[in-house]
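Inspection log for the structure reproduced underneath, given as structure tokens.
Protein chains: 2
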Amino acid sequence: MQKNLFTSMPFSLKEEQFEELAGGKDVSIERIVSRGHSSPEEGWYDQPQHEWVVVLQGRAVLAFEQGEDVELAPGDHLTIPSHCRHRVKWTDPQQATVWLAVHYS
Amino acid sequence: MQKNLFTSMPFSLKEEQFEELAGGKDVSIERIVSRGHSSPEEGWYDQPQHEWVVVLQGRAVLAFEQGEDVELAPGDHLTIPSHCRHRVKWTDPQQATVWLAVHYS
Numbered sequence: 001m002q003k004n005l006f007t008s009m010p011f012s013l014k015e016e017q018f019e020e021l022a023g024g025k026d027v028s029i030e031r032i033v034s035r036g037h038s039s040p041e042e043g044w045y046d047q048p049q050h051e052w053v054v055v056l057q058g059r060a061v062l063a064f065e066q067g068e069d070v071e072l073a074p075g076d077h078l079t080i081p082s083h084c085r086h087r088v089k090w091t092d093p094q095q096a097t098v099w100l101a102v103h104y105s
Numbered sequence: 106m107q108k109n110l111f112t113s114m115p116f117s118l119k120e121e122q123f124e125e126l127a128g129g130k131d132v133s134i135e136r137i138v139s140r141g142h143s144s145p146e147e148g149w150y151d152q153p154q155h156e157w158v159v160v161l162q163g164r165a166v167l168a169f170e171q172g173e174d175v176e177l178a179p180g181d182h183l184t185i186p187s188h189c190r191h192r193v194k195w196t197d198p199q200q201a202t203v204w205l206a207v208h209y210s
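Here the protein sequences line up with chains A and B, keeping their order. The working numbering puts the first sequence at residues 1 to 105. The working numbering puts the second sequence at residues 106 to 210.
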């Protein structure tokens, strides 16, 4: 019945891996696995929904078009308001970084 | 800007601690910290919304009115449909159990 966030991890990752875990009318819960990935230099995410995100394993840096970079270690979480332009600047190349993201209105 | 799920942990816990981390129109994201707590014997949760839940630290057992007990270790997650009656049967008394729960429609 239960599944585990830290199993069925891809061994090699050409691209970041997104997997929807659960979701409803206006909400989507997804696991993201990165390994050294970042968004393209000008690849700002500009999302219609709010996003609450937490790093559960690994390390990452988020950049915001307006604002300072935010370093994320395991347990660190923050809310990115809708249309707040951001990108993944860095993820640890030495280990898988496991994120949990909740998109909601 | 970011906060951490594993800090600001209550040292002693008379009751389970619920803290809303983020939320929107029909969604609520909360951290729950338990330490040896369980629901009252006949204290079934019967919730109008769906709940996606993950254990991030510690150990727990969920019981379902109809169905088998589910043991949860770090990373284990499951979705509890709305009105699926369940209770927390056991949480580890030796350490804080940190849950993340997303309630949604």
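Quick reminder that beta carbons are idealized off the backbone N, C-alpha and C, glycines included. Treat the numbers as computed from the prediction; the structure is a model and nothing was measured.
Terminal residues of the beta strand (DSSP E) in which residue i lies
{"i": "A:Thr91", "result": "His86 to Thr91"}
Contact list for residue i against chain A, beta-carbon separation under 8 Å
{"i": "B:Leu214", "result": "The first residue shown for chain B is 106 and the last is 210, placing residue 214 of chain B beyond what the model contains."}
{"i": "B:His191", "result": "Chain A residues near B:His191: none, gap ~11 Å exceeds 8 Å."}
Residue i - partner residues in DSSP beta bridges
{"i": "A:Ala22", "result": "A:Ile29"}
{"i": "B:Asp181", "result": "A:Asn4"}
{"i": "B:Gln122", "result": "B:Val138"}
{"i": "B:Leu167", "result": "B:Val175 and B:Val193"}
{"i": "A:His103", "result": "A:Ser28 and A:Glu51"}
{"i": "B:Gln162", "result": "B:Val203"}
Listed by chain order, chain B residues near residue i by CB distance under 7 Å
{"i": "A:Tyr104", "result": "Gly129 and Val132"}
{"i": "A:Val54", "result": "Leu110"}
{"i": "A:Leu13", "result": "Within 7 Å Cβ-Cβ: nothing; A:Leu13 doesn't reach chain B, min ~18 Å."}
CB contact check: residue i to chain A, cutoff 8 Å
{"i": "B:Phe111", "result": "yes"}
{"i": "B:Val138", "result": "no"}
{"i": "B:His155", "result": "yes"}
Below-8 Å beta-carbon distance, residue i vs any chain B residue
{"i": "A:Asp76", "result": "yes"}
{"i": "A:Thr91", "result": "no"}
{"i": "A:Thr97", "result": "no"}
Burial state of residue i (16 or more Cβ within 10 Å)
{"i": "B:Thr202", "result": "buried"}
{"i": "A:Ala73", "result": "exposed"}
{"i": "B:Asp181", "result": "buried"}
{"i": "B:Glu173", "result": "exposed"}
{"i": "A:Ile34", "result": "The displayed chain sequence assigns Ser, not Ile, to residue 34 of chain A. Result: buried."}
{"i": "B:His208", "result": "buried"}
{"i": "A:His50", "result": "buried"}
{"i": "B:His191", "result": "buried"}
{"i": "B:Gly163", "result": "buried"}
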